[in-house]
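Novice: The structure that follows is given in the form of structure tokens.
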Amino acid sequence: MKGLGDLKKLLVLSSLSILLSASDELVDVLSDNKSKLIDTQKEQIKVQTDKLEKSWINPIRLQYSKSYSTQFDNTIGTGQFVVSVDQPIFKMGGIWEAVKYAKALGKANDLDIEIQKRGFITQALTLLYNIKKTELQLQKFDFLIKNDELDILIQKQSYEAGLINRTLYDRALLKRNQDITSKLELEMQITKLKNDFSLLSDKNPQDIELPHFGMIDKSRYENSQLEIQRDRFKVEEKQHNKYMTWTKYLPEVSVTGRYINEDKNPLFANARIKKSYYTYGFKVSLPININSYRDIQSSQIEYLNAQISLDEQKKKVANNYNLIKKRLEII
1 MKGLGDLKKL LVLSSLSILL SASDELVDVL SDNKSKLIDT QKEQIKVQTD
51 KLEKSWINPI RLQYSKSYST QFDNTIGTGQ FVVSVDQPIF KMGGIWEAVK
101 YAKALGKAND LDIEIQKRGF ITQALTLLYN IKKTELQLQK FDFLIKNDEL
151 DILIQKQSYE AGLINRTLYD RALLKRNQDI TSKLELEMQI TKLKNDFSLL
201 SDKNPQDIEL PHFGMIDKSR YENSQLEIQR DRFKVEEKQH NKYMTWTKYL
251 PEVSVTGRYI NEDKNPLFAN ARIKKSYYTY GFKVSLPINI NSYRDIQSSQ
301 IEYLNAQISL DEQKKKVANN YNLIKKRLEI I
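Position one of the sequence shown corresponds to residue 1 (our numbering), numbered consecutively onward.
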């Protein structure tokens, strides 16, 4: 049937261009729950990214302590309240790399969610196409069964007139029963397809108009692939992580400061010392770790693996385009 042939072509063509239009034109095919799930995942990634961007900022510590001493005739209690800060301000570029690492990781994770969303849309449209195709097949079997009934009538009349033996009549009966069975199987298949579709969309399949797709060039197809965009951000992420790992083992400059409000020590009760005061300064530190070389080497390998994965993804996309184009030529 011409309708089935057109649907087959649309199915193949849709796999080529669905990624271009899924977000803009077809996103409303998804159910409210699926859309909310995607939105909450995106919001979670945004929050995690913001948190990671500021992870280099150390917390301000608040501390209160109360101690008692029996050193004197009477038990003396002294309290102390401290606000302290120990904040790195220079890590040989590591702070800026940490911010860029967080941004790249956030973009890669956000694209993962976008890929998931487009996957849902592709599944929904594939099910929709299969529903339409199966409905056309049902129409075909309706005509076949009507034709079988006519053939049975002709064979029966010929058999009763003695023009043929019963074999042809029995074959006609068998053919009708087989077609009825096939139609029932298709009806079960449609029920399953609609059930699967309902898990992805709240819409009635009958109310959705099949989208129209057009052929696109290879360059546009490759540039539209979210997997490639995501893997590029992963390469960027691993590159920043490699530099961050290296700077972990370089000198670090930090500023320190404390605000202290405490009870005076009885030994210095008459001394001219303040109850509340500040201390501040800076420090330079250099960690010496036996595993530093291995840690740096591991981050370098992760970066190289990300580059290889990107190259493999590009090859996969190019091969997929060529395969779909060939299928379209055959159809």
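Don't be surprised by glycine CBs; every beta carbon is placed ideally from N, CA and C.
Apart from the five residues just before and just after K34, which ones in its own chain have a Cβ nearer than 7 Å to its Cβ?
Specialist: Within the same chain, K34 has close Cβ partners F120 and L200.
Novice: Sort out for me which residues DSSP pairs S201 with in a bridge.
Specialist: Answer is none; S201 lacks a bridge partner.
Novice: So the candidates are K51, K132, N58 and V85; which of them puts its Cα closest to the Cα of T279?
Specialist: If we check each option's Cα against that of T279, V85 comes out closest.
Novice: Below 6 Å CB to CB, which residues in the same chain sit around N241 once its five sequence neighbours on both sides are set aside?
Specialist: Answer for N241: Y101 and S299, listed in chain order.
Novice: Since I208 is in the beta strand (DSSP E), which residue starts that stretch and which ends it?
Specialist: Element bounds for I208: n/a, residue is neither H nor E.
Novice: According to DSSP, which residues form a beta bridge with D217?
Specialist: Answer is none; D217 lacks a bridge partner.
Novice: Determine the DSSP secondary structure at N291, reduced to helix, strand or coil.
Specialist: Coil, per DSSP.
Novice: Taking only three categories from DSSP, how would you classify Q229?
Specialist: Reduced to three states, the DSSP call for Q229 is helix.
Novice: Would you mind listing the alpha helix (DSSP H) stretches within the stretch 48–88 that are 4+ residues and don't spill past its ends, in chain order?
Specialist: With a minimum length of 4 residues, no continuous alpha helix (DSSP H) run stays inside the stretch 48–88.
Novice: Starting from K283, follow its DSSP beta bridges and name the residues at the other end.
Specialist: According to DSSP, which records beta bridges pairwise, K283 is partnered with S254.
Novice: Using three-state DSSP, classify S276 as helix, strand or coil.
Specialist: It is a strand residue.
Novice: Report the rounded CA-to-CA distance for Q313 versus E237, giving the unit in angstroms.
Specialist: Spanning the two alpha carbons is a distance of roughly 17 Å.
Novice: How about the stretch 136–144 and the stretch 53–69: do they share at least three Cβ pairs that are nearer than 8 Å?
Specialist: Flag = no, the stretch 136–144 and the stretch 53–69 do not touch.
Novice: If we ignore side chains and look at the alpha-carbon of each, how far apart do N291 and I308 end up?
Specialist: Their Cα atoms are separated by approximately 26 Å.
Novice: Provide the residue(s) that pair with Y259 in DSSP beta bridges, ordered along the chain.
Specialist: V83 and Y278.
Novice: By alpha-carbon positions, which one of D32, Y129, L125 and Y169 ends up nearest to L150?
Specialist: Ranking the options by Cα distance to L150, first place goes to Y169.
Novice: If you count every other CB in all the chains shown that lies within 10 Å of the CB of L328, and 16 or more means buried, which is it?
Specialist: Classification of L328: exposed, given that the 10 Å Cβ count is below 16.
Novice: Between the stretch 201–220 and the stretch 248–260, do at least 3 Cβ pairs fall closer than 8 Å?
Specialist: Contact fails: fewer than three Cβ-Cβ distances are below 8 Å.
Novice: Since G162 is in the alpha helix (DSSP H), which residue starts that stretch and which ends it?
Specialist: That residue, G162, is in no alpha helix (DSSP H); it is neither H nor E in DSSP.
Novice: Should I115 and L226 be called a contact, given that it needs their Cβ atoms to be closer than 8 Å?
Specialist: Closer than 8 Å, so yes.
Novice: On the DSSP bridge assignment, give the partners of F141 in chain order.
Specialist: Per DSSP, none; premise fails for F141.
Novice: For F282, does the count of other Cβ atoms within 10 angstroms reach 16, so buried, or fall short, so exposed?
Specialist: Exposed is the call here.
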